[in-house]
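**Student:** Before anything else, here's the structure in question.
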Amino acid sequence: MFTNQGLHLHTTQCDGCGAVTPSHDITHYGSIESGYRNLCSLCFNADVAERCGLDEFENIRLEPITMTDDTGQSREFHFVPRLLGNILSLEAFELQDSVPAGYQFQIISDPEDDLFALLGRMVEKIRRALSVKYLCEDPRHGLQIADQLVQGHIESDPSVDERTPLLVIDGKEVTWEELGQMLMTFEGWQFKLELIDRSDEP
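In terms of the numbering used here, the sequence shown is residues 112 to 313.
Encoded structure:
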């Protein structure tokens, strides 16, 4: 069993190699029977590779990359590959206060695929996302939907007691109330809501 926990912490010591590791690179890994350990991605992947007999798995750490969106803003993306048995998950995300925030992406692949080729696919995926803006700033009405289409990902809003979505669109947080106000521009229109796994192409 493995879960991502402790993301409110800036750093955590890896129980495998002992390195002080950013919390976004830590996986809480184990079981009730054997106990749990906090492992950095390298130690976690090495353990899973050994258990699954993946002797040739390319276990490396990927450095952050800075990319520019269509407004000229620089955005730094961090990458964490996680070996999940017979699949490899490559995650890319921005950081805010040392935790994942803003744009977040995932690609699912085969563990035997070349990791740098997978990174190339991820960079292209990020580049396509950064080239499109779904929201625009209206001088009178503030943030508005730019062209009848909105795309982003769903988080939870910690500022609300009830279980309420917090949306991330164009890499920025948008509350459920703010989206509702934007939708009122289209009062009387029809709408279509489509939910897509974050590893799928929209």
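Note that the Cβ used here is the ideal one computed from N, Cα and C, for glycine as well.
DSSP puts residue 149 in a beta bridge; with which residues?
**Tutor:** By 1-based counting over the sequence shown, the position of residue 149 is 38. In the DSSP output, where bridge partners are listed per residue, residue 149 has 139.
**Student:** On the three-state DSSP scale, how would you describe residue 228?
**Tutor:** By 1-based counting over the sequence shown, the position of residue 228 is 117. Residue 228: helix per DSSP, three-state reduction.
**Student:** Just to confirm before moving on: does the CB-CB distance between residue 230 and residue 220 stay below 7 angstroms?
**Tutor:** In the sequence shown, counting from the first residue as 1, residue 230 sits at position 119. In the sequence shown, counting from the first residue as 1, residue 220 sits at position 109. Not a contact, by the Cβ cut-off of 7 angstroms.
**Student:** May I ask you to list the residues that DSSP assigns as paired with residue 207?
**Tutor:** Locating residue 207 in the sequence shown gives position 96, where the first residue counts as 1. For residue 207, which the question treats as bridged, DSSP gives the partners 210.
**Student:** Just checking my contact of residue 263 with residue 279 at CB under 8 angstroms: how many whole Å lie between their CB atoms?
**Tutor:** As a first step, residue 263 must be located in the sequence shown, where it is residue number 152. As a first step, residue 279 must be located in the sequence shown, where it is residue number 168. The Cβ separation is near 5 angstroms, so the contact holds.
**Student:** So what's residue 304 in DSSP terms, helix, strand or just coil?
**Tutor:** Here residue 304 refers to the residue found at position 193 of the sequence shown. Coil at residue 304, not helix or strand.
**Student:** Expressed to the nearest angstrom, what Euclidean distance is found between the alpha-carbon atoms of residue 159 and residue 310?
**Tutor:** Residue numbering aside, residue 159 sits at position 48 when the sequence shown is read from its first letter. Residue numbering aside, residue 310 sits at position 199 when the sequence shown is read from its first letter. Rounded to the nearest angstrom, the two C-alpha atoms are 21 angstroms apart.
**Student:** Among 149, 141, 145, which residue has its Cα nearest to the Cα of residue 129?
**Tutor:** In the sequence shown, residue 129 corresponds to position 18, counting from 1. Closest by alpha carbon: 149.
**Student:** Taking 7 angstroms as the cut-off, decide whether the C-beta atoms of residue 202 and residue 210 are in contact.
**Tutor:** For the purposes of this step, residue 202 is taken as residue 91 along the sequence shown, with counting starting at 1. For the purposes of this step, residue 210 is taken as residue 99 along the sequence shown, with counting starting at 1. No; because the gap between Cβ atoms is not below 7 angstroms, this pair is not in contact.
**Student:** To the nearest angstrom, report how far apart residue 296 and residue 269 are at their CA atoms.
**Tutor:** Translated into the one-based positions of the sequence shown, residue 296 becomes position 185. Translated into the one-based positions of the sequence shown, residue 269 becomes position 158. So the alpha carbons of these two residues sit roughly 27 angstroms apart.
**Student:** Name the DSSP bridge partner or partners of residue 183?
**Tutor:** Against the sequence shown, residue 183 aligns to sequence position 72. Bridge partners of residue 183: none, in fact.
**Student:** Quick one: is residue 252 buried, meaning 16 or more other Cβ sit within 10 Å of its Cβ, or exposed?
**Tutor:** Translated into the one-based positions of the sequence shown, residue 252 becomes position 141. Its Cβ having fewer than 16 others within 10 Å, residue 252 is exposed.
**Student:** With a threshold of 8 angstroms, are at least 3 pairs of Cβ atoms found where one atom belongs to the region 136-152 and the other to the region 160-168?
**Tutor:** The answer is no - the region 160-168 does not touch the region 136-152, with fewer than three Cβ pairs under 8 angstroms.
**Student:** Alpha carbon to alpha carbon, what distance is there between residue 236 and residue 313?
**Tutor:** Counted from its first residue, the sequence shown places residue 313 at position 202. Counted from its first residue, the sequence shown places residue 236 at position 125. When rounded, the distance between both Cα atoms is 10 angstroms.
**Student:** Determine whether the beta carbon atoms of residue 281 and residue 306 lie at a separation below 7 angstroms.
**Tutor:** As a position in the sequence shown, residue 281 is number 170, starting the count at 1. As a position in the sequence shown, residue 306 is number 195, starting the count at 1. No, Cβ-Cβ distance for residue 281 and residue 306 is not below 7 angstroms.
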